[in-house]
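**Student:** If you scroll down you'll find the structure; I have some questions about it.
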Amino acid sequence: MADLVPNLQSLVDSDRFLAAVHMDDLDDMLGARDADPFDAEWVRVHELVTQHQLGASPSVDALRESAFKRAFAITESPDACGYISDDFGLIADAARADVSDAWLVALTASYATGVLPHGELAGDSRSLTEIVSEFQP
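Per this note's numbering, residue 6 is the first one in the sequence shown, and the count goes up by one each step.
Here's what the structure looks like:
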């Protein structure tokens with residue numbers, strides 16, 4: 006899979022990033038992330054990616070930091086920012102490891118539409134590369 010970090014960074018920098026998040030619903034969304042099915046799926050995909058034993062990546066670290074800071078500017082919630090940073094690290098590392106997974110695609114599609122992923126995610130027929138390629142560096 007191509008290096009998607011520049012495209013993911015463009016997503017973080019875009020006006021769409023978290024545009025559909027209503028702060029009144031943030032606690033409920035975070036709670037839904039800590040429960041199944043979201044939590045079980047996140048852990049499952051994380052385990053798929055970590056099996057590839059990727060080394061550290063300065064570009065992924067920079068993306069995670071940027072996502073955290075941008076999310077904090079929008080939400081002022083350190084908890085939300087930690088989740089978001091972890092999600093972008095997972096997406097970028099999955100691309101580096103060439104891991105393709107329908108749930109990961111749905112996670113990415115949520116961010117591409119301005120939504121903070123939580124609960125049961127809607128499927129998306131596109132590939133990870135197709136979704137992220139919308140955001141040109």
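No residue lacks a Cβ here, since even glycine has one placed at the ideal position from N, Cα and C.
Every value quoted in this text rests on a predicted model; they were computed, and no experiment measured them.
#1: Tell me the residue span of the alpha helix (DSSP H) that contains Asp32.
#2: Looking at the unbroken alpha helix (DSSP H) that takes in Ser115, where does it start and where does it end?
#3: For the alpha helix (DSSP H) holding Ala67, just list the boundary residues, first then last.
#4: Once you ignore the five residues that flank Val26 on each side, which residues in its own chain have a CB closer than 6 Å to its CB?
#5: Beta-carbon separation of Ala100 and Leu59 under 8 Å?
#6: Please determine if the segment 122 to 137 and the segment 28 to 48 are in contact, where contact requires at least 3 C-beta pairs separated by less than 8 Å.
#7: Where does Gln141 sit, in a helix, a strand or coil, going by DSSP?
#8: Considering only residues of the same chain and omitting the five flanking positions on each side of Pro11, which have a CB-CB separation below 6 Å?
#9: Find out if the Cβ-Cβ distance for the pair Ser115, Leu133 is shorter than 8 Å.
#10: Nearest-angstrom Cα distance between Leu68 and Ser19?
#11: Just the C-alpha distance for Ser62 and Ala97, rounded to the nearest angstrom, thanks.
#12: Helix, strand or coil: how does DSSP classify Glu125 here?
**Tutor:** According to the data block:
#1: Start at 1 with the first residue of the sequence shown, and residue 32 comes out as number 27. Segment Leu31 to Arg38, the alpha helix (DSSP H) holding Asp32.
#2: Within the sequence shown, the letter at position 110 stands for residue 115. Here the alpha helix (DSSP H) through Ser115 covers Ala107 to Ala117.
#3: Counting from 1 along the sequence shown, the entry for residue 67 is found at position 62. Taken as a continuous stretch (DSSP letters only), the alpha helix (DSSP H) holding Ala67 covers Pro63 to Thr80.
#4: For the purposes of this step, residue 26 is identified with residue 21 of the sequence shown, where counting begins at 1. Around Val26: Leu121.
#5: Working through the sequence shown from its first residue, we reach residue 100 at position 95. Working through the sequence shown from its first residue, we reach residue 59 at position 54. Contact: no.
#6: yes
#7: Locating residue 141 in the sequence shown gives position 136, counting from the first residue. Coil, per DSSP.
#8: As a working note, residue 11 is residue 6 in the sequence shown. So the list reads Pro142, once near-sequence residues are dropped.
#9: Numbered from its first residue, the sequence shown carries residue 115 at position 110. Numbered from its first residue, the sequence shown carries residue 133 at position 128. Result no, Cβ atoms of Ser115 and Leu133 do not sit closer than 8 Å.
#10: Position 63 of the sequence shown, counted from the first residue, corresponds to residue 68. Position 14 of the sequence shown, counted from the first residue, corresponds to residue 19. Answer to the nearest angstrom: the Cα atoms are 13 Å apart.
#11: Against the sequence shown, residue 62 aligns to sequence position 57. Against the sequence shown, residue 97 aligns to sequence position 92. Taking the straight line joining both Cα atoms gives about 10 Å.
#12: As a position in the sequence shown, residue 125 is number 120, starting the count at 1. The answer is coil: DSSP assigns Glu125 none of H, G, I, E or B.
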